[in-house]
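Remember, the working numbering sits 116 above the position in the sequence shown when you count from 1.
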Amino acid sequence: MTKKLNNRDWVKKYEPHLQNNDLIKAVNVPELEITHLSSWSFLKLAFLWSYAYYIYAPIAGKFFKNIYYVDLFSGTGLCSYDYDGNEHLLLGSPILMSTLQTHNPFKKCYFFEKFEYISLEERMQILRDEKLLSCGEYEIFPEDCNSRVDDLIKELKTIPNAHFLLFVDPYSTEIDWSTLEKFLNLEYPKFDMIFNFLPFGVNRQSNHDDKMCKFFGDEDYKKCLVKHSTERLQSLEDHYIENLKKYPNNVKVIHKIRIKSGKSFYYDLLYTTRKDNPSWIKGVEHLGKTIEKLSGYEVSVILDPCASTLDEYFR
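Written as C-alpha coordinates, this is what we have:
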(Lines of atoms letter the chains of each structure in order from A; the text may use other names.)
(Lines give C-alpha, C1' and ligand atoms only; values in the text may rest on other atoms or scores of the structure.)
Protein backbone atom coordinates (compact mmCIF):
# COMPACT_ATOMS: atom_id res chain seq x y z
CA MET A 117 0.00 0.00 0.00
CA THR A 118 1.30 3.46 -0.91
CA LYS A 119 2.31 5.47 2.11
CA LYS A 120 0.16 8.53 2.70
CA LEU A 121 2.34 11.61 2.49
CA ASN A 122 2.16 14.45 4.96
CA ASN A 123 2.19 18.02 3.64
CA ARG A 124 5.94 18.41 3.84
CA ASP A 125 6.67 15.12 2.10
CA TRP A 126 4.16 15.91 -0.63
CA VAL A 127 5.84 19.22 -1.43
CA LYS A 128 9.27 17.60 -1.34
CA LYS A 129 8.00 14.94 -3.77
CA TYR A 130 7.37 17.60 -6.42
CA GLU A 131 10.41 19.74 -5.66
CA PRO A 132 12.80 17.81 -7.96
CA HIS A 133 10.35 18.16 -10.84
CA LEU A 134 9.40 21.83 -10.44
CA GLN A 135 12.91 22.83 -9.33
CA ASN A 136 14.90 20.42 -11.46
CA ASN A 137 18.47 21.56 -10.99
CA ASP A 138 19.73 20.44 -14.40
CA LEU A 139 16.93 22.17 -16.28
CA ILE A 140 17.13 25.35 -14.23
CA LYS A 141 20.90 25.48 -14.72
CA ALA A 142 20.41 25.14 -18.47
CA VAL A 143 17.77 27.88 -18.88
CA ASN A 144 18.73 30.34 -16.15
CA VAL A 145 20.54 32.69 -18.50
CA PRO A 146 21.21 36.13 -16.91
CA GLU A 147 20.06 38.25 -19.86
CA LEU A 148 16.69 36.48 -20.18
CA GLU A 149 13.54 37.62 -18.39
CA ILE A 150 12.03 35.64 -15.51
CA THR A 151 8.32 35.50 -14.69
CA HIS A 152 7.81 36.72 -11.11
CA LEU A 153 5.15 34.80 -9.19
CA SER A 154 4.28 33.93 -5.60
CA SER A 155 5.13 30.72 -3.76
CA TRP A 156 1.57 29.39 -4.08
CA SER A 157 2.23 29.05 -7.81
CA PHE A 158 4.16 25.93 -6.82
CA LEU A 159 0.81 24.29 -6.00
CA LYS A 160 -0.70 25.28 -9.36
CA LEU A 161 2.30 23.96 -11.27
CA ALA A 162 2.37 20.80 -9.16
CA PHE A 163 -1.23 20.11 -10.13
CA LEU A 164 -0.45 20.66 -13.82
CA TRP A 165 2.63 18.45 -13.71
CA SER A 166 0.97 15.72 -11.67
CA TYR A 167 -2.16 15.60 -13.81
CA ALA A 168 -0.14 15.49 -17.03
CA TYR A 169 2.32 12.88 -15.77
CA TYR A 170 0.17 10.52 -13.71
CA ILE A 171 -3.23 10.84 -15.41
CA TYR A 172 -3.37 12.59 -18.76
CA ALA A 173 -0.38 11.18 -20.65
CA PRO A 174 -0.88 7.53 -19.56
CA ILE A 175 -4.64 7.49 -20.22
CA ALA A 176 -4.92 9.73 -23.29
CA GLY A 177 -1.82 8.08 -24.72
CA LYS A 178 -3.61 4.70 -24.65
CA PHE A 179 -6.52 5.85 -26.76
CA PHE A 180 -5.02 8.54 -28.98
CA LYS A 181 -1.97 8.28 -31.19
CA ASN A 182 -1.30 12.01 -30.96
CA ILE A 183 -1.56 13.98 -27.71
CA TYR A 184 -0.79 17.69 -27.62
CA TYR A 185 -0.32 20.46 -25.10
CA VAL A 186 -1.71 23.99 -25.57
CA ASP A 187 -0.64 26.83 -23.24
CA LEU A 188 -2.42 30.14 -23.87
CA PHE A 189 -0.38 32.22 -21.37
CA SER A 190 3.06 30.68 -21.33
CA GLY A 191 5.31 33.26 -19.72
CA THR A 192 9.08 33.08 -19.96
CA GLY A 193 9.49 29.40 -19.06
CA LEU A 194 11.31 30.21 -15.80
CA CYS A 195 9.62 31.65 -12.72
CA SER A 196 10.74 33.02 -9.37
CA TYR A 197 9.23 33.87 -6.03
CA ASP A 198 10.72 35.69 -3.05
CA TYR A 199 10.82 34.33 0.47
CA ASP A 200 12.72 35.75 3.39
CA GLY A 201 14.71 38.02 1.09
CA ASN A 202 15.86 35.21 -1.20
CA GLU A 203 14.83 34.39 -4.76
CA HIS A 204 13.66 30.85 -5.45
CA LEU A 205 13.31 29.52 -9.00
CA LEU A 206 10.57 27.33 -10.46
CA LEU A 207 10.27 25.90 -13.95
CA GLY A 208 7.33 27.42 -15.82
CA SER A 209 4.55 25.46 -17.50
CA PRO A 210 6.15 25.42 -21.00
CA ILE A 211 9.32 23.76 -19.76
CA LEU A 212 7.51 21.40 -17.39
CA MET A 213 5.30 20.09 -20.19
CA SER A 214 7.89 20.00 -22.97
CA THR A 215 10.34 18.01 -20.80
CA LEU A 216 7.78 15.65 -19.25
CA GLN A 217 9.52 12.30 -18.89
CA THR A 218 6.74 9.83 -19.66
CA HIS A 219 6.14 6.88 -21.99
CA ASN A 220 3.61 9.03 -23.86
CA PRO A 221 5.14 12.51 -24.24
CA PHE A 222 3.31 15.25 -26.07
CA LYS A 223 3.64 15.04 -29.82
CA LYS A 224 3.78 18.81 -29.98
CA CYS A 225 3.49 21.72 -27.56
CA TYR A 226 1.94 25.04 -28.54
CA PHE A 227 2.82 28.16 -26.58
CA PHE A 228 1.30 31.64 -26.72
CA GLU A 229 3.32 34.48 -25.21
CA LYS A 230 2.84 38.07 -26.30
CA PHE A 231 5.25 39.98 -24.07
CA GLU A 232 8.23 37.79 -23.13
CA TYR A 233 8.33 35.45 -26.10
CA ILE A 234 12.01 36.13 -26.83
CA SER A 235 13.02 34.74 -23.43
CA LEU A 236 10.78 31.73 -23.97
CA GLU A 237 12.17 31.16 -27.47
CA GLU A 238 15.75 31.30 -26.21
CA ARG A 239 15.06 28.85 -23.41
CA MET A 240 13.26 26.39 -25.65
CA GLN A 241 16.15 26.55 -28.13
CA ILE A 242 18.60 25.80 -25.32
CA LEU A 243 16.57 22.75 -24.33
CA ARG A 244 16.41 21.58 -27.93
CA ASP A 245 20.15 22.06 -28.46
CA GLU A 246 20.97 20.16 -25.27
CA LYS A 247 18.45 17.41 -26.18
CA LEU A 248 16.45 17.94 -23.00
CA LEU A 249 13.03 18.08 -24.65
CA SER A 250 10.65 15.12 -24.51
CA CYS A 251 8.03 16.54 -26.88
CA GLY A 252 8.39 15.87 -30.58
CA GLU A 253 7.97 19.50 -31.61
CA TYR A 254 6.98 22.88 -30.24
CA GLU A 255 5.67 26.10 -31.67
CA ILE A 256 5.62 29.54 -30.09
CA PHE A 257 3.04 32.12 -31.11
CA PRO A 258 4.54 35.50 -30.16
CA GLU A 259 1.13 37.12 -29.93
CA ASP A 260 -1.99 37.46 -27.83
CA CYS A 261 -3.84 34.14 -27.91
CA ASN A 262 -7.07 36.02 -28.65
CA SER A 263 -5.70 37.08 -32.01
CA ARG A 264 -4.06 33.82 -33.20
CA VAL A 265 -6.05 30.94 -31.76
CA ASP A 266 -7.85 30.38 -35.09
CA ASP A 267 -4.58 29.29 -36.69
CA LEU A 268 -3.95 26.80 -33.91
CA ILE A 269 -7.43 25.31 -34.06
CA LYS A 270 -7.23 24.99 -37.83
CA GLU A 271 -4.04 22.94 -37.45
CA LEU A 272 -5.40 20.77 -34.63
CA LYS A 273 -8.44 19.84 -36.72
CA THR A 274 -6.20 18.33 -39.40
CA ILE A 275 -4.41 15.92 -37.03
CA PRO A 276 -5.79 12.36 -37.00
CA ASN A 277 -6.50 10.51 -33.77
CA ALA A 278 -5.66 13.50 -31.60
CA HIS A 279 -6.46 14.83 -28.14
CA PHE A 280 -4.98 17.78 -26.26
CA LEU A 281 -4.51 19.27 -22.81
CA LEU A 282 -5.43 22.95 -22.64
CA PHE A 283 -3.87 25.15 -19.93
CA VAL A 284 -5.37 28.62 -19.47
CA ASP A 285 -3.53 30.73 -16.90
CA PRO A 286 -4.32 34.45 -17.30
CA TYR A 287 -3.55 37.17 -14.74
CA SER A 288 -7.24 38.12 -14.55
CA THR A 289 -9.51 38.73 -17.57
CA GLU A 290 -7.01 38.45 -20.45
CA ILE A 291 -8.79 35.52 -22.09
CA ASP A 292 -11.83 36.57 -24.15
CA TRP A 293 -14.87 34.35 -23.95
CA SER A 294 -15.04 34.36 -27.73
CA THR A 295 -11.56 32.77 -27.74
CA LEU A 296 -12.39 30.10 -25.19
CA GLU A 297 -15.68 29.43 -26.95
CA LYS A 298 -13.79 28.35 -30.06
CA PHE A 299 -12.39 25.47 -28.04
CA LEU A 300 -15.69 24.75 -26.31
CA ASN A 301 -17.43 24.45 -29.69
CA LEU A 302 -14.92 21.99 -31.09
CA GLU A 303 -16.35 18.73 -32.37
CA TYR A 304 -12.82 17.43 -32.97
CA PRO A 305 -10.32 17.11 -31.44
CA LYS A 306 -11.47 16.81 -27.83
CA PHE A 307 -9.55 18.14 -24.87
CA ASP A 308 -9.17 18.36 -21.10
CA MET A 309 -8.72 21.83 -19.64
CA ILE A 310 -7.11 23.36 -16.58
CA PHE A 311 -8.35 26.93 -16.23
CA ASN A 312 -7.02 29.28 -13.57
CA PHE A 313 -9.87 31.50 -12.37
CA LEU A 314 -8.63 34.44 -10.28
CA PRO A 315 -11.61 35.92 -8.38
CA PHE A 316 -9.64 38.85 -6.95
CA GLY A 317 -8.09 39.68 -10.31
CA VAL A 318 -11.44 39.49 -12.09
CA ASN A 319 -13.09 41.63 -9.42
CA ARG A 320 -10.43 44.32 -9.84
CA GLN A 321 -11.59 44.72 -13.44
CA SER A 322 -15.24 45.18 -12.47
CA ASN A 323 -15.19 48.89 -13.36
CA HIS A 324 -14.01 48.09 -16.89
CA ASP A 325 -17.18 47.03 -18.62
CA ASP A 326 -15.47 46.27 -21.93
CA LYS A 327 -12.97 43.86 -20.32
CA MET A 328 -15.63 42.15 -18.23
CA CYS A 329 -17.99 41.69 -21.17
CA LYS A 330 -15.21 40.16 -23.26
CA PHE A 331 -14.19 37.87 -20.39
CA PHE A 332 -17.67 36.58 -19.52
CA GLY A 333 -19.14 36.81 -23.00
CA ASP A 334 -22.28 38.53 -21.72
CA GLU A 335 -23.52 41.33 -19.48
CA ASP A 336 -25.19 39.05 -16.94
CA TYR A 337 -22.07 39.26 -14.79
CA LYS A 338 -23.35 42.67 -13.68
CA LYS A 339 -25.88 40.91 -11.45
CA CYS A 340 -22.92 39.69 -9.39
CA LEU A 341 -21.61 43.20 -8.77
CA VAL A 342 -24.45 44.16 -6.42
CA LYS A 343 -23.18 41.60 -3.93
CA HIS A 344 -20.51 42.31 -1.35
CA SER A 345 -17.11 40.96 -0.42
CA THR A 346 -16.68 37.18 -0.50
CA GLU A 347 -20.18 36.61 -1.86
CA ARG A 348 -19.38 38.80 -4.84
CA LEU A 349 -16.17 36.93 -5.62
CA GLN A 350 -17.95 33.59 -5.47
CA SER A 351 -20.84 34.86 -7.55
CA LEU A 352 -18.51 35.97 -10.37
CA GLU A 353 -16.86 32.57 -10.42
CA ASP A 354 -20.18 30.73 -10.28
CA HIS A 355 -21.38 32.74 -13.26
CA TYR A 356 -18.28 31.77 -15.26
CA ILE A 357 -18.76 28.11 -14.36
CA GLU A 358 -22.40 28.25 -15.42
CA ASN A 359 -21.28 29.61 -18.79
CA LEU A 360 -18.86 26.68 -19.16
CA LYS A 361 -21.67 24.23 -18.45
CA LYS A 362 -23.51 25.46 -21.54
CA TYR A 363 -21.07 23.39 -23.64
CA PRO A 364 -21.74 19.81 -22.52
CA ASN A 365 -20.11 18.29 -25.60
CA ASN A 366 -16.73 19.33 -24.17
CA VAL A 367 -17.48 20.12 -20.52
CA LYS A 368 -19.32 17.40 -18.61
CA VAL A 369 -17.26 17.54 -15.42
CA ILE A 370 -15.95 20.66 -13.66
CA HIS A 371 -13.83 20.07 -10.58
CA LYS A 372 -12.50 23.01 -8.58
CA ILE A 373 -9.20 23.09 -6.68
CA ARG A 374 -8.56 26.07 -4.44
CA ILE A 375 -5.00 27.39 -4.27
CA LYS A 376 -4.44 29.48 -1.12
CA SER A 377 -1.78 32.09 -0.50
CA GLY A 378 -1.78 31.58 3.26
CA LYS A 379 -3.32 34.98 3.82
CA SER A 380 -6.74 35.97 2.47
CA PHE A 381 -6.01 35.52 -1.24
CA TYR A 382 -6.77 32.49 -3.34
CA TYR A 383 -7.51 31.38 -6.86
CA ASP A 384 -9.27 28.32 -8.22
CA LEU A 385 -8.14 25.82 -10.80
CA LEU A 386 -11.11 24.62 -12.81
CA TYR A 387 -10.47 21.16 -14.22
CA THR A 388 -12.83 20.13 -17.02
CA THR A 389 -13.28 17.04 -19.14
CA ARG A 390 -15.91 15.87 -21.62
CA LYS A 391 -16.24 12.39 -20.06
CA ASP A 392 -19.14 11.57 -17.74
CA ASN A 393 -17.92 10.08 -14.44
CA PRO A 394 -14.40 9.43 -15.75
CA SER A 395 -12.45 6.67 -14.06
CA TRP A 396 -9.60 9.05 -13.28
CA ILE A 397 -11.68 11.69 -11.47
CA LYS A 398 -10.84 10.13 -8.09
CA GLY A 399 -7.20 10.81 -8.81
CA VAL A 400 -7.99 14.44 -9.63
CA GLU A 401 -10.08 14.78 -6.47
CA HIS A 402 -7.36 13.25 -4.29
CA LEU A 403 -4.74 15.53 -5.78
CA GLY A 404 -7.02 18.53 -5.24
CA LYS A 405 -7.69 17.65 -1.59
CA THR A 406 -3.98 17.37 -0.92
CA ILE A 407 -3.27 20.74 -2.52
CA GLU A 408 -6.11 22.42 -0.63
CA LYS A 409 -4.51 21.42 2.68
CA LEU A 410 -1.48 23.53 1.80
CA SER A 411 -0.83 27.23 1.32
CA GLY A 412 1.82 29.39 -0.28
CA TYR A 413 3.34 30.15 3.12
CA GLU A 414 3.77 26.49 3.95
CA VAL A 415 5.35 25.84 0.56
CA SER A 416 7.80 28.68 1.15
CA VAL A 417 8.90 27.27 4.48
CA ILE A 418 9.10 23.67 3.30
CA LEU A 419 11.26 24.63 0.31
CA ASP A 420 13.44 27.01 2.30
CA PRO A 421 16.85 25.31 2.54
CA CYS A 422 17.30 26.91 5.96
CA ALA A 423 14.20 25.19 7.37
CA SER A 424 14.60 21.44 7.80
CA THR A 425 11.07 20.81 9.02
CA LEU A 426 7.74 22.58 9.03
CA ASP A 427 8.00 22.76 12.82
CA GLU A 428 10.00 25.99 12.44
CA TYR A 429 7.02 27.58 10.74
CA PHE A 430 4.91 27.20 13.90
CA ARG A 431 7.51 28.39 16.40
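By construction, the Cβ of each residue, glycine as well, lies at the ideal position given by its N, Cα and C atoms.
Fair warning: this is a prediction, and the values are worked out from it, not measured in the lab.
If residue i and residue j are in contact, beta carbons under 8 Å, what's the gap, nearest whole angstrom?
i	j	result
residue 419	residue 131	6 Å
residue 375	residue 382	6 Å
residue 149	residue 192	5 Å
residue 358	residue 123	With a Cβ gap of about 33 Å, residue 358 and residue 123 do not count as contacting.
residue 202	residue 278	Between residue 278 and residue 202 the Cβ distance is about 43 Å, and since that is not below 8 Å, they are no contact.
residue 190	residue 152	Not a contact, Cβ separation roughly 15 Å.
Compute the distance between the beta-carbons of residue i and residue j, then report whether it is under 8 Å.
i	j	result
residue 284	residue 188	yes
residue 211	residue 237	no
residue 162	residue 139	no
residue 371	residue 404	yes
residue 304	residue 338	no
residue 308	residue 172	yes
residue 435	residue 154	Because residue 435 is not part of the residues shown, which for the chain are 117 to 431, the question remains open.
residue 261	residue 224	no
residue 230	residue 276	no
residue 410	residue 388	no
residue 407	residue 205	no
residue 254	residue 280	no
residue 265	residue 295	yes
residue 186	residue 282	yes
residue 391	residue 369	yes
residue 386	residue 313	yes
residue 167	residue 291	no
For residue i, list the residues DSSP reports as bridge partners.
i	result
residue 371	387
residue 182	278
residue 382	376
residue 226	186, 255
residue 306	279
residue 312	385
residue 205	196
Report the residue ranges of all alpha helix (DSSP H) runs contained in full by the segment 244-300; include only those spanning at least 4 residues, in chain order.
-> List check, alpha helix (DSSP H) in window: 261-273, 293-300.
Does the segment 322-335 come close enough to the segment 364-380 that 3 or more CB-CB pairs lie under 8 Å?
-> Short answer: they don't touch.
Mind the definition here: the segment 214-231 touches the segment 306-318 only if three or more C-beta pairs lie below 8 Å; say whether that holds.
-> no
Could you pull out every unbroken alpha helix (DSSP H) segment of at least 4 residues lying fully inside the segment 143-203, listed in chain order?
-> Considered as a whole, the segment 143-203 harbours 157-166, 173-179 as its complete alpha helix (DSSP H) runs of no fewer than 4 residues, in chain order.
Flag this pair as touching only if the segment 227-241 and the segment 139-158 have three or more C-beta atom pairs under 8 Å; answer yes or no.
-> Taking a cut-off of 8 Å for Cβ pairs, the segment 227-241 and the segment 139-158 touch, as three or more such pairs fall below it.
Which residue spans inside the segment 331-371 form an unbroken alpha helix (DSSP H) run of at least 4?
-> 345-360
Mind pulling the alpha helix (DSSP H) runs of 4 or more residues that sit fully within the segment 394-425?
-> 397-408, 412-419
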